[in-house]
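>
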Amino acid sequence: MAHEFVMRLITPTGVMFDGPVREVDAVNPIGEFGVLADHVDYITALSPGILTITRPDGARNQFLVSGGLAEVKDGAMTVLADEAETPRVVDEAELAAAMQRAEEALAAISLYDVAYAEAAEDVARLRARIRASEMARNPASS
Amino acid sequence: MATLKAIRRRISSVKSTQQITRAMKLVAAARLRRAQEALLAARPYHEALRRVASSTLFAERAALGAPEGASPVSLILVIASDRGLCGGYNANLIRKAEEEARRIRGAGLEPAFFAVGRKAADHFKRVKAPLAGESINNVPRLATFALARALATRALTDFRSGKIREAGMVYSQFRSALSQRPVYERLLPIVAPEADETDAAAVDRYLVEPSRTELMPVVLRRYVEASIFHALLEGEASEHGARMTAMDSATNNASEMIESLTLEMNRARQATITKELMDIVGGAEALRG
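Quick note, the sequences are listed as chains A and B, same order.
Residues in the first sequence are numbered consecutively from 1, following the numbering used here.
Residues in the second sequence are numbered consecutively from 1001, following the numbering used here.
(1) Nearest chain A C-beta to B:Tyr1206 closer than 8 Å, yes or no?
(2) Report the CB separation of B:Ser1322 from B:Gln1036 in whole angstroms; it is logged as a contact under 8 Å.
(3) Would you give the residue range spanned by the beta strand (DSSP E) that A:Thr11 belongs to?
(4) Between which residues of its own chain and A:Ser142 is the CB-CB distance below 6 Å, once the five residues before and five after are set aside?
(5) From the DSSP secondary-structure annotation, give me the bridge partner or partners of B:Leu1075.
(6) Quick check on B:Leu1093: buried or exposed, where buried means 16 or more other Cβ atoms within 10 Å of its Cβ?
(7) Using the Cα positions of B:Leu968 and B:Ala1167, report the straight-line distance between them to the nearest angstrom.
(8) Using a Cβ-Cβ cutoff of less than 8 Å, which residues in the same chain neighbour A:Arg137 once the five nearest sequence positions on both sides are dropped?
(9) Leaving out five residues on either side along the sequence, give the residues of the same chain with a beta carbon under 6 Å from the beta carbon of B:Ala1029.
(10) Let's see if you can read the secondary structure: which residues bound the alpha helix (DSSP H) around B:Leu1142?
(11) Is there a Cβ from chain B that is less than 8 Å from the Cβ of A:Ile43?
(12) On the criterion of 16 or more Cβ atoms from any shown chain inside 10 Å, does B:Ala1246 qualify as buried, or is it exposed?
(13) Between A:Val143 and chain B, is any beta-carbon pair separated by less than 8 Å?
(14) Please name the residue or residues paired with A:Asp143 in a DSSP beta bridge.
(15) Identify the continuous alpha helix (DSSP H) that holds B:Glu1264 and give its terminal residues.
(16) Mapping DSSP to helix, strand and coil, what is B:Leu1320?
(17) With 16 as the cutoff for other CB atoms within 10 Å, does B:Asn1266 come out buried or exposed?
(18) My assumption, with CB atoms under 8 Å, is that B:Val1139 sits in contact with B:Leu1077. Please give the rounded CB distance.
(19) Which of helix, strand or coil does DSSP assign to A:Asp122?
(20) Grab me the residues of A:Thr54's own chain with a C-beta within less than 6 Å of its C-beta, minus the 5 sequence neighbours each way, in chain order.
(21) Who are the Cβ neighbours of B:Leu1215 in its own chain at under 7 Å, not counting the five residues just before and after it?
(22) Grab me the residues of A:Arg125's own chain with a C-beta within less than 8 Å of its C-beta, minus the 5 sequence neighbours each way, in chain order.
(23) Listed from N- to C-terminal order along the chain, which residues in the segment 1215-1229 of chain B have their beta-carbon within a distance smaller than 9 Å of any beta-carbon of chain A?
(24) Please compile the residues from chain B whose C-beta is within a distance smaller than 9 Å of the C-beta of A:Asn28.
(25) Do B:Ala1226 and A:Pro12 have their beta-carbon atoms positioned less than 8 Å apart in this structure?
(26) Residues in the same chain with beta-carbon distance under 7 Å from A:Ala45, minus the five sequence neighbours each way, listed in chain order, please.
(27) Looking at the structure shown, is B:Leu1057 part of a helix, part of a strand, or coil, going by DSSP?
(28) What residues of chain B sit near A:Pro12, judged by a beta carbon separation below 7 Å?
(29) Taking 8 Å as the threshold (beta carbon to beta carbon), is B:Ser1055 in contact with chain A?
(30) Examine chain B for any beta-carbon lying closer than 8 Å to the beta-carbon of A:Glu71, and answer yes or no.
(31) Kindly list the residues whose CB is nearer than 6 Å to the CB of A:Asp91, restricted to its own chain and excluding five residues on each side of it in sequence; keep chain order.
(32) Going along chain B in order, which residues have a C-beta closer than 8 Å to the C-beta of A:Leu80?
(33) Whole angstroms is fine: what's the gap from A:Ala96's alpha carbon to A:Ala117's?
(34) Spatial neighbours of B:Val1224 within its chain, please: C-beta separation below 8 Å, excluding the five flanking residues on both sides.
(35) With distances taken from CA atoms, which of A:Val6, A:His3, A:Glu4 and A:Ile10 is nearest A:Asp82?
(36) Is there contact between the segment 1170-1177 of chain B and the segment 1227-1234 of chain B, where contact requires at least three CB pairs shorter than 8 Å?
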């Protein structure tokens, strides 16, 4: 099939995925986006969320990414994730508690503080983590 | 001449020291291998990030300077180790850092050290150098991305708020287990690599979302984080390399010492025997007389 392309998912600690794919879907600050073969050269920021890789045989790999950058160049895609892991079921009560702490921390910071963006990102990362856990628990909903 | 008993005691003490240095050498060798693997595993990320940075960040050179009115302070991250017994590793790093501090003073800026690793923190406290902060981790793995992120956040926050005008780091470049070289690398304001692939036409070919200006801080942070992470990885590999070499020569020195002490011991024993024989012979002669 001509409608596949090479995709690499890289984190600072190693290469998580490297191979031919049919489609890649992820989240950026504007919304969800998908990449198919012959995509225009493209650079975007990645938001914390689920990255879905559809392999040529239709099988899927999913990763929880905590943010990063994605680049398409000459038809090949490179995703630079700060962290990437396979979604798994985690203690959601604990996550919810962490989420509440993060939201309280965010509320306590002035909007003009340089640390605000950092705290907002913590909340977004936790939200993605909760979503990933829900997906791992109930695969049909993804 | 030392008594036979004293020499025996010294030999056994050197032997147990040698056991420790030999074990430390083996541990350092294993950790070095792991650190080298981590260094290798980080390379693809680095290369790809550099490419993305050159099509976004470095394409906008005008925006890369220090904020106006920043204090004339230059922050130096000194990436040393928490533990000693690694030869001249920490001493070389500290010397390099102080050399850079003199250079910075010469350029009219005030240096401030940020010590990573207890050995550097202790030294700067002892000589009462301006210490902006320290990070003592006491963990088997120094080079974690979380630490790199924390250090990057600190440097970027200070830079953005105008507390510092520039930031750099002194770390040890790993060349081989035998050779590590301390280097200084400037972090902020960011230095674009040699204008190799940053040709404007290639930059404009990209579709950039959300927009180039919105993307720049995202790339900048990753770039600083990755640079620090790289320095931590190099430092970690260097530390284990230096320790391995130091412990290897300590083990060899111990062997030599044991050898010469054994020789001395045998000589002492022989002397005792000879002396006793002389006494016996002398006694017998006296009886016969």
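We put the CB at the ideal spot given by N, CA and C, even for glycine.
Every value quoted in this text rests on a predicted model; they were computed, and no experiment measured them.
Walking through what the data contain:
(1) yes
(2) Only positions 1001 to 1289 of chain B appear in this structure, which leaves residue 1322 of chain B out of reach.
(3) Phe5 to Thr11
(4) Because the pLDDT of A:Ser142 is 46, which lies under 50, any placement of that residue in the model is unreliable, and the number read from its coordinates should be weighed accordingly. Only Met135 meet the Cβ criterion.
(5) B:Ala1112 and B:Ala1167
(6) buried
(7) With chain B covering only 1001 through 1289, there is no way to say anything about residue 968 of chain B.
(8) Val89
(9) Met1244
(10) B:Leu1142 -> no alpha helix (DSSP H), and no H or E assigned at all.
(11) yes
(12) buried
(13) Not covered by the structure: residue 143 of chain A. The range shown for chain A is 1 to 142.
(14) Because chain A is modelled from 1 through 142, residue 143 of chain A falls outside the range shown and cannot be assessed.
(15) Arg1212 to Arg1288
(16) Nothing can be reported for residue 1320 of chain B, as the shown portion of chain B is limited to 1001 through 1289.
(17) exposed
(18) The pair is not a contact, with the Cβ atoms about 18 Å apart (cut-off 8 Å).
(19) helix
(20) Arg22, Glu23 and Arg60
(21) Thr1056 and Val1208
(22) Pro48, Ser66 and Gly67
(23) Leu1215, Pro1217, Val1218, Val1219, Arg1222, Glu1225, Ala1226 and Phe1229
(24) Glu1209 and Pro1210
(25) yes
(26) Asn28, Pro29 and Leu69
(27) coil
(28) Ala1042, Tyr1045, Phe1145, Ala1226 and Phe1229
(29) yes
(30) yes
(31) none
(32) Tyr1045, Ala1048, Leu1049, Val1052 and Arg1222
(33) 21 Å
(34) Ala1152, Ala1155, Leu1156, Leu1187, Leu1188 and Ile1190
(35) A:Ile10
(36) yes
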